[in-house]
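In terms of our numbering, the sequence shown has 152 at position 151, counting the first letter as 1, and numbering is strictly consecutive.
C-beta: ideal position from N, C-alpha, C; glycine also.
None of these values were measured; they are calculated from a predicted model.
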Amino acid sequence: MRRARILGVGMYLPERRVPNMELENIKELETSDEWIRQRTGINFRHFVSEGESGTDLAVHASKQAIIEAALTPEDIDFIIYATLSPDYFFPGNGCFLQDRLFPDRTIGAMDVRTQCCGFIYSLAMADSLIKSGHYDHILVVGTEVHSTALDFTSRGRDVTVLFGDGAGAVVVGPAPDGHPGILTTAMHSEGKYARELWTEYPASAHNPRLSHEALEQGRHYPKMNGRMVFKHAVTRMVEVSHEVLAKAGRTVDDIDLFLPHQANLRINQMVASQLGIQEEKMVNTISWTGNTTAATIPICMHEALRQDKLAENNLVLLTAFGAGFTWAASLLYW
Ligand code: UT7
Numbered sequence: 002m003r004r005a006r007i008l009g010v011g012m013y014l015p016e017r018r019v020p021n022m023e024l025e026n027i028k029e030l031e032t033s034d035e036w037i038r039q040r041t042g043i044n045f046r047h048f049v050s051e052g053e054s055g056t057d058l059a060v061h062a063s064k065q066a067i068i069e070a071a072l073t074p075e076d077i078d079f080i081i082y083a084t085l086s087p088d089y090f091f092p093g094n095g096c097f098l099q100d101r102l103f104p105d106r107t108i109g110a111m112d113v114r115t116q117c118c119g120f121i122y123s124l125a126m127a128d129s130l131i132k133s134g135h136y137d138h139i140l141v142v143g144t145e146v147h148s149t150a151l152d153f154t155s156r157g158r159d160v161t162v163l164f165g166d167g168a169g170a171v172v173v174g175p176a177p178d179g180h181p182g183i184l185t186t187a188m189h190s191e192g193k194y195a196r197e198l199w200t201e202y203p204a205s206a207h208n209p210r211l212s213h214e215a216l217e218q219g220r221h222y223p224k225m226n227g228r229m230v231f232k233h234a235v236t237r238m239v240e241v242s243h244e245v246l247a248k249a250g251r252t253v254d255d256i257d258l259f260l261p262h263q264a265n266l267r268i269n270q271m272v273a274s275q276l277g278i279q280e281e282k283m284v285n286t287i288s289w290t291g292n293t294t295a296a297t298i299p300i301c302m303h304e305a306l307r308q309d310k311l312a313e314n315n316l317v318l319l320t321a322f323g324a325g326f327t328w329a330a331s332l333l334y335w
């Protein structure tokens, strides 16, 4: 059976850079640069400008990934698009991206709704579709626009200071003979905790889907039980990393590079320490991106390449935890 590997990586952040001080200066938010840096490791994040959408960010990241893969748009035959913040309720962003990148071709496009794990789940889908011979080159995109739905009052400050907007993309294609490519992926969910990190409105579960009362109560903003999410994130990311290593018959010592989801620097330091991975083998971008949810891992991948920390045949561990709860890990050869 043929194997699949990542052929090219792209990323894009919107131009508007928002330092912690800008949030500190919003009186109603009641936060500080010091609190944000100490508790999360974030110094600044990027927010879209009026009229700029997740699809806009995806176009930039995707074009770069296709160029880096030494391919042209004509070579792409499927889109997998991960986001928790689609431009519209429906259709999915994959369709909007298909129109922007491939207006003369009717290639398939699907959205994946697994929040912070969206990229790893999508990569697993792409891996299977390529291994089975169904497609040759799949564009896997993760984008997020959080800034248009954040509560800039003290009611939402725990969530608001964490999130940023951004996009990451990769092209997945056949690995050359003898190259193992993507080794294995593990994916989990535990829906009993769905309401510990979620956005309730607008919702088809309510009629009407959005009410003045819900808006006044701020129920259209994300809500999170931060401490609980933190604890589960550390436990599950360690657990699922061991799971993929065992499945692939590899050990922690074999890992050349660790690219964890970017939700909180303290989470990643704890995960790396519990796994026994040296910090030099880990790439974090949270200080300048904030949490960009489905986009964090491809952005980290791009940064690892920029820092020359990723070379042919390196063994790379990806892991993520987020809303759902969902968690996942992937082990792959570069
Ligand atoms: O990607 C999706 C997954 N998300 C995550 O993995 C996030 C997981 N959770 C976290 O990263 C952390 O729990 C937070 C960064 C959200 C919060 O940090 P924490 O160290 O767990 O703080 P805490 O919730 O225990 O709150 C400590 C204090 C509280 O005040 P009191 O009760 O001690 O007086 C909060 O009200 O910090 C207060 N606080 C803030 N203060 C200033 C909470 N948010 C803020 C804020 N600015 N933005």
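Hey, would you say E69 sits closer than 8 Å to G11, going by beta carbons?
In this structure, E69 places its C-beta atom within 8 Å of the C-beta atom of G11.
Looking only at its chain, what residues have a beta carbon closer than 6 Å to the beta carbon of L332, apart from the 5 residues adjacent to it on each side?
L184, T185, V245, A249 and L318
Is it buried or exposed for N21, if we count other Cβ within 10 angstroms and need 16 for buried?
buried
Taking the beta carbon of M2 as the centre, do at least 16 other beta carbons fall within 10 Å, making it buried, or is it exposed?
The residue in question, M2, is exposed, as its Cβ has fewer than 16 Cβ neighbours within 10 Å.
Which runs of the beta strand (DSSP E), 3 residues or longer, sit entirely within the region 15–43?
17–20
The ligand UT7 and C117: does any heavy atom of the ligand fall closer than 7 Å to the residue's C-beta?
Taken from the Cβ of C117, at least one heavy atom of the ligand UT7 lies inside 7 Å.
Considering Cα atoms alone, identify which of E23, A206, V142 and E197 is closest to A296.
Looking at the Cα atoms, V142 is the closest of the given residues.
Tell me whether V241, by its Cβ, gets closer than 7 Å to a heavy atom of the ligand UT7.
no
When DSSP labels each residue in this structure, what does D166 get in the three-state scheme?
coil
Using a threshold of 8 Å, state whether the C-beta atoms of A330 and D128 are closer than that.
no
Return helix, strand or coil for G227, following the three-state DSSP convention.
helix
Determine the direct distance from the alpha carbon of S148 to that of A215, and round the result to whole angstroms.
19 Å
Can you give me the Cβ contacts of T115 inside the same chain, cut-off strictly under 6 Å, excluding the 5 residues immediately before and after it?
Within the same chain, T115 has close Cβ partners Y122 and T327.
Can you tell me whether Y82 is buried or exposed, with buried defined as 16 or more other CB within 10 angstroms of its CB?
buried
Could I get the ranges of all uninterrupted alpha helix (DSSP H) runs contained in the region 61–107, with 4 residues as the minimum, in chain order?
With a minimum length of 4 residues, the unbroken runs of alpha helix (DSSP H) contained wholly in the region 61–107 fall at 94–102.
According to DSSP, is L48 helix, strand or coil?
The amino acid at residue 48 is misidentified as Leu; the sequence shows Phe. Of the three classes helix, strand and coil, the one that applies to F48 here is strand, per DSSP.
Would L58 and P15 be called neighbours here (beta carbons separated by less than 8 Å)?
yes
So, is P223 buried or exposed, given that buried needs 16 or more other C-beta atoms within 10 angstroms?
buried
What residue range does the beta strand (DSSP E) around Y13 cover?
A5 to Y13
Three or more beta-carbon pairs under 8 Å between the region 49–65 and the region 270–283, yes or no?
no
Go to P299, then tell me how far its alpha helix (DSSP H) extends in each direction, as first and last residue.
That run of the alpha helix (DSSP H) goes T297 to R307.
At the level of alpha carbons, what is the spacing between F90 and V146?
14 Å
Three-state secondary structure (DSSP) at L140?
strand
Since D112 is in the beta strand (DSSP E), which residue starts that stretch and which ends it?
G109 to V113
Measure from the alpha carbon of V239 to the alpha carbon of each residue in G219, G277, R210 and A206, then state which is nearest.
Here the closest residue by C-alpha is G277.
Could you tell me how far apart the beta carbons of S212 and I43 are, in whole angstroms, since I believe they sit closer than 8 Å?
About 33 Å; that fails the 8 Å criterion.
Report all residues from its chain with a CB closer than 7 Å to the CB of V253; omit the five preceding and five following residues, and keep chain order.
L246, L276, G277 and I278
Return yes when the Cβ of E191 is within less than 8 Å of the Cβ of N226, no when it is not.
no
Does the beta-carbon of S274 have 16 or more other beta-carbons within 10 angstroms, so that it is buried, or is it exposed?
exposed
If I measure Cβ to Cβ from R158 and keep anything under 7 Å in the same chain, skipping five residues before and after, which residues do I get?
L30, E31 and T32
Three or more C-beta pairs closer than 8 Å, one from the region 254–270 and one from the region 100–108: is that the case here?
no
Does any heavy atom of the ligand UT7 sit closer than 7 Å to the C-beta of D159?
yes
Could you check the C-alpha separation between L306 and A312 for me, to the nearest Å?
8 Å
Are F164 and R46 closer than 8 Å when you measure CB to CB?
yes
Thinking just about the alpha-carbon of each residue, which of H207, H233 and D166 is nearest to the one in E53?
If we check each option's Cα against that of E53, D166 comes out closest.
Do V171 and M302 have their CB atoms nearer than 8 Å?
yes
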